[in-house]
Amino acid sequence: MLDAALLVRGLAKRFDRPAVDGLDLTIRRGEFYALLGPNGAGKTTTLRMVAGLMTPDAGSISIFGVDARRDPIAAKRLTAWVPDEPMIYDKLTPLEYLAFVAGLWGVSPADAESRARHLVDWLGLGPYADERCEGFSKGMRQKVALAGALVHDPSLIILDEPLTGLDAGSARQVKDVLLERARNGATVILTTHILEVAERMAERIGVIARGRLIAEGTLEELRGQARGGRSTLEEIFLDLVDAERSAA
Amino acid sequence: MSAPGSLAFFAAHEARLAWRDAAGMVSGGGKRRLTGPAFWFFGFIAVMHVVALAAMPKALPIDLTSERDTLLTVTGAAFFAWALMLAQAMESVTRAVYSRGDLDLVLSSPATTANLFAFRTGILAFGTTFMAALLVGPFIHVLAWRFGAGWLASYGVLAAMGATATAAAILVTLVLFRLIGARRTRLVAQIVAAVIGAGFVVGAQAIAIIGRGEFSRFAVFRSDFALSNMPGPESLFWWPARAAAGDLIALGGVLGASVLLLAVAVVAAAARLPAAAIATAGAAQPRVRSSDASGGRLFRPRSAEATLRAKEITLLVRDPWLLSQSLMQILYLVPPALMLWKGFGSDLGTAALMVPIVVMGAGQLAGGLAWLTLSGEDAPDLIASAPVTRGAAVRAKVEAVLLSVTVPIAPLIAGLAVTSAKIAVIAAIGVLLASLASSAIQFLFRSSARRSQFRRRQTASRAATFAEAFSSLSWAGAAALAAADTTYAFIPAALAIGVLLIAAAASPNGFRFER
Numbered sequence: 297m298l299d300a301a302l303l304v305r306g307l308a309k310r311f312d313r314p315a316v317d318g319l320d321l322t323i324r325r326g327e328f329y330a331l332l333g334p335n336g337a338g339k340t341t342t343l344r345m346v347a348g349l350m351t352p353d354a355g356s357i358s359i360f361g362v363d364a365r366r367d368p369i370a371a372k373r374l375t376a377w378v379p380d381e382p383m384i385y386d387k388l389t390p391l392e393y394l395a396f397v398a399g400l401w402g403v404s405p406a407d408a409e410s411r412a413r414h415l416v417d418w419l420g421l422g423p424y425a426d427e428r429c430e431g432f433s434k435g436m437r438q439k440v441a442l443a444g445a446l447v448h449d450p451s452l453i454i455l456d457e458p459l460t461g462l463d464a465g466s467a468r469q470v471k472d473v474l475l476e477r478a479r480n481g482a483t484v485i486l487t488t489h490i491l492e493v494a495e496r497m498a499e500r501i502g503v504i505a506r507g508r509l510i511a512e513g514t515l516e517e518l519r520g521q522a523r524g525g526r527s528t529l530e531e532i533f534l535d536l537v538d539a540e541r542s543a544a
Numbered sequence: 270m271s272a273p274g275s276l277a278f279f280a281a282h283e284a285r286l287a288w289r290d291a292a293g294m295v296s297g298g299g300k301r302r303l304t305g306p307a308f309w310f311f312g313f314i315a316v317m318h319v320v321a322l323a324a325m326p327k328a329l330p331i332d333l334t335s336e337r338d339t340l341l342t343v344t345g346a347a348f349f350a351w352a353l354m355l356a357q358a359m360e361s362v363t364r365a366v367y368s369r370g371d372l373d374l375v376l377s378s379p380a381t382t383a384n385l386f387a388f389r390t391g392i393l394a395f396g397t398t399f400m401a402a403l404l405v406g407p408f409i410h411v412l413a414w415r416f417g418a419g420w421l422a423s424y425g426v427l428a429a430m431g432a433t434a435t436a437a438a439i440l441v442t443l444v445l446f447r448l449i450g451a452r453r454t455r456l457v458a459q460i461v462a463a464v465i466g467a468g469f470v471v472g473a474q475a476i477a478i479i480g481r482g483e484f485s486r487f488a489v490f491r492s493d494f495a496l497s498n499m500p501g502p503e504s505l506f507w508w509p510a511r512a513a514a515g516d517l518i519a520l521g522g523v524l525g526a527s528v529l530l531l532a533v534a535v536v537a538a539a540a541r542l543p544a545a546a547i548a549t550a551g552a553a554q555p556r557v558r559s560s561d562a563s564g565g566r567l568f569r570p571r572s573a574e575a576t577l578r579a580k581e582i583t584l585l586v587r588d589p590w591l592l593s594q595s596l597m598q599i600l601y602l603v604p605p606a607l608m609l610w611k612g613f614g615s616d617l618g619t620a621a622l623m624v625p626i627v628v629m630g631a632g633q634l635a636g637g638l639a640w641l642t643l644s645g646e647d648a649p650d651l652i653a654s655a656p657v658t659r660g661a662a663v664r665a666k667v668e669a670v671l672l673s674v675t676v677p678i679a680p681l682i683a684g685l686a687v688t689s690a691k692i693a694v695i696a697a698i699g700v701l702l703a704s705l706a707s708s709a710i711q712f713l714f715r716s717s718a719r720r721s722q723f724r725r726r727q728t729a730s731r732a733a734t735f736a737e738a739f740s741s742l743s744w745a746g747a748a749a750l751a752a753a754d755t756t757y758a759f760i761p762a763a764l765a766i767g768v769l770l771i772a773a774a775a776s777p778n779g780f781r782f783e784r
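Structure follows, in structure tokens:
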């Protein structure tokens, strides 16, 4: 699996019940992958373990060949994590925030500045670049967080519900940015409850339930896995989840 | 069943919320039984009684009216307490108006919101009085036991003080609303509240030091200037002090006047606070531009640790509310600084006296700052997902704390060095150890919180609060004894290390980094 951006094997995490239960996942370099599942399926826990925010109970995680459990710092250097709730500093301006993130990832000042200014303009934050984030709307905060994730030019971008609470314009901008990154070779994994986003953007979709991958493939392949006559991703998703629930 | 929207309806609703809030505060927000916290609560009351027994005089002039300096001291003490009650009431009033909580629901309902605000104002006055009674009550009991049950009338004076402090807080907040608008009132009111609390006490102490060279904050009331400028014994000015001693006419007058003032404030609040609350909802956060944010200086080569340190210091400097909260602790360092200045370069005894105060202040300041950097991290996921080891991140944050503590403490150490290099070195070591210990305790009891929750950190982890206080106190004691050239310094030092070990054993994570 030399071309794998992310290789997860036997990943497990238990809280009061198994949240992730022996999950296997392979995501190719440059792929746009959507991870779907009902609430509590283990999506966020999986991604948090991949991003190094949580220690798995068992299993392995390899990011571009780097063993993330053995060398988490090297793995983190390649990765960006964008949570559903943008976590930024109210008292910093977008440019200061980006300078801070670039400093954490050790980006050279020249690269950091040109990337930061480009991202700020690209995401429509230019007029607010020198304003503190405390007065920003949710959409603007999410864009600042996204710019922070991209300023160190990560090879693997992990996003947990990145479009939650965004207006149509902001959502469009975020989607465009992610597609552009994927086109330029970055690997993107996102979770979303907006199935239309997964349907339109993702090359492959994984469906997770009770901490296990229950289906995976392109939209066409998923149609084949679902019971007859399902055409939209929503129908396929509900069918797969129902089938899993009845089997359990 | 009370009619919806009536005063009784809101009273029942508020009483339920207040009870659950209080139970949550006592049990640390968990679902634990209240037996343990209740044990600690009554234990605290018992300890306060022991403190009061030791602190209160065994003899007191029987006839207060003939002793103007005693009257003045009682009045002054009541004024200090009132200043602290005013600070607490201002905080509460601001929270009542700005915390959205259920306000959106209530304000959008067809209920008469004046009833809600009237009741909440009453609750504020009760809360302010109750908190003061917890602290002052044991002293009243000792006075009543030693000098007669008449002193129990002090509870009436306390209630009057709570009522007037709440009334003043409401009126100040309403005036601020009118003068500077909803957007700025919150910040200004919180800063004023923070400074007012310590300001009066520290101010009196500073005047005493400058005027009489005494450290006691009550010394100012024994000065010839104060005594010669005070009104005669029959003046209404002394009524609160007389009421406290059991003069029922004075008590009736004080209570009547304060209830009247509170009634005026309640009427004003009921009429104007709903509008103020609506205004706060519409007041957008101010857009603040940072002039230094656009220059090339932002992007400069530095390590991840240096980047973290710079971020922590920038966030602290840019948050006036947090600064004002920290300022409370720094304000208490003003009197020792003045004391040092008075005996500048000559008084070895004064210099030695300063050591524990400076060490204690540094320990407390470091504890607050360490909470902000370790628990009050607004982007924990960002830091955890960055290619920086957790140890390095924590180290950088603690370094930022030490750097911030250095700013107010370094001039004091420098002042001590002029008198005695040895004492300055002892103070510096004490400051370092107390700051590191406070930071370690905050690390042991770290939690995930927002910086805006700074004020509630002490109720969130009482174990951390007590450990931090005992640790700072022990290091202060050790430094004081070391400055006095006695080897007994090792006893409080060992105690301080013991506190840290107990904190490590009691903490949920110990020194491990959780994932």
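Line by line, the protein sequences are chains A and B.
To convert, note that position 153 of the first sequence is 449 in my numbering; the numbers rise steadily by one, no gaps.
To convert, note that position 224 of the second sequence is 493 in my numbering; the numbers rise steadily by one, no gaps.
Ideal Cβ positions, reconstructed from N, Cα and C, are used throughout, including at glycine.
Keep in mind the model is a prediction, meaning the values are calculated, not measured.
Range of the contiguous beta strand (DSSP E) that encloses residue i
i               : result
D320 of chain A : 314-324
W788 of chain B : Residue coverage of chain B in this structure runs from 270 to 784, which leaves residue 788 of chain B outside it and unanswerable.
L486 of chain A : 483-487
R366 of chain A : Element bounds for R366 of chain A: n/a, residue is neither H nor E.
L509 of chain A : 508-513
D456 of chain A : 452-456
A648 of chain B : No beta strand (DSSP E) holds A648 of chain B; DSSP gives it neither H nor E.
G546 of chain A : Residue 546 of chain A lies beyond the range of chain A shown here (297 to 544); nothing can be said about it.
For residue i, the first and last residue of its enclosing alpha helix (DSSP H)
i               : result
F328 of chain A : First-last for F328 of chain A: 328-332, but that is the beta strand (DSSP E), not the alpha helix (DSSP H).
E381 of chain A : That residue, E381 of chain A, is in no alpha helix (DSSP H); it is neither H nor E in DSSP.
R411 of chain A : 405-418
S466 of chain A : 464-479
S717 of chain B : S717 of chain B -> no alpha helix (DSSP H), and no H or E assigned at all.
Identified DSSP bridge partners for residue i
i               : result
D300 of chain A : According to the sequence shown, residue 300 of chain A is Ala rather than Asp. For A300 of chain A, which the question treats as bridged, DSSP gives the partners A:R324.
G502 of chain A : A:L331, A:E512
A376 of chain A : A:I453
E517 of chain A : Answer is none; E517 of chain A lacks a bridge partner.
A308 of chain A : A:D317, A:A354
Beta-carbon spacing of residue i, residue j below 9 Å
i               : j               : result
W507 of chain B : A434 of chain B : no
A376 of chain A : I359 of chain A : no
A321 of chain B : F416 of chain B : no
A539 of chain A : A330 of chain A : no
A620 of chain B : T688 of chain B : yes
S572 of chain B : G636 of chain B : no
G522 of chain B : A512 of chain B : yes
F386 of chain B : A532 of chain B : no
L276 of chain B : N384 of chain B : yes
L515 of chain A : L536 of chain A : no
E427 of chain A : F568 of chain B : no
P352 of chain A : L388 of chain A : no
Chain-ordered neighbours of residue i on chain B, where CB pairs are closer than 8 Å
i               : result
A408 of chain A : F568
G355 of chain A : Those within 8 Å of G355 of chain A in chain B number zero; the least Cβ separation is about 14 Å.
G444 of chain A : L651
Cross-chain neighbours of residue i in chain B, by beta carbon under 9 Å
i               : result
T375 of chain A : S654, P656
Neighbouring residues, chain B, relative to residue i (Cβ below 7 Å)
i               : result
I384 of chain A : A648
A395 of chain A : L567, F568
P334 of chain A : The premise fails here: P334 of chain A is roughly 23 Å from chain B at the closest Cβ pair, so nothing lies under 7 Å.
L349 of chain A : D650, A653, S654
K372 of chain A : S654, A655, P656
Residue i: contacting residues in chain A (beta-carbon distance under 7 Å)
i               : result
A573 of chain B : G399, L400, G402
R587 of chain B : K387
T576 of chain B : F396, G399, L400
Partner residues on chain A for residue i, Cβ-Cβ distance less than 8 Å
i               : result
L584 of chain B : Y385, K387, L388
Where residue i meets chain A, residues with beta-carbon distance less than 9 Å
i               : result
K666 of chain B : Correct list: empty, because the minimum Cβ distance to chain A is about 13 Å.
Three or more beta-carbon pairs under 8 Å between the segment 310-319 of chain A and the segment 482-498 of chain A, yes or no? Between the segment 310-319 of chain A and the segment 482-498 of chain A, the count of C-beta pairs closer than 8 Å stays below three; the two stretches do not touch.
Three CB pairs or more closer than 8 Å across the segment 666-679 of chain B and the segment 390-400 of chain A: By the Cβ test, the segment 666-679 of chain B is not in contact with the segment 390-400 of chain A, since fewer than three Cβ pairs between them sit closer than 8 Å.
Count the C-beta pairs between the segment 272-284 of chain B and the segment 379-394 of chain B that are closer than 8 Å, then say yes if the count reaches three, no if not. Touching, yes, given that three or more Cβ pairs across the two stretches are closer than 8 Å.
Hey, is the segment 672-684 of chain B in contact with the segment 413-420 of chain A, meaning 3+ C-beta pairs nearer than 8 Å? Two segments are said to touch when three or more pairs of C-beta atoms, one from each, lie closer than 8 Å; by this definition the segment 672-684 of chain B does not touch the segment 413-420 of chain A.
Specify whether the segment 711-719 of chain B and the segment 766-779 of chain B touch according to this definition: at least 3 beta carbon pairs, one from each stretch, less than 8 Å apart. Yes, the segment 711-719 of chain B is in contact with the segment 766-779 of chain B.
Under 8 Å: do the segment 619-633 of chain B and the segment 743-750 of chain B share three or more Cβ pairs, one atom per stretch? Between the segment 619-633 of chain B and the segment 743-750 of chain B, the count of Cβ pairs shorter than 8 Å is three or higher; the stretches touch.
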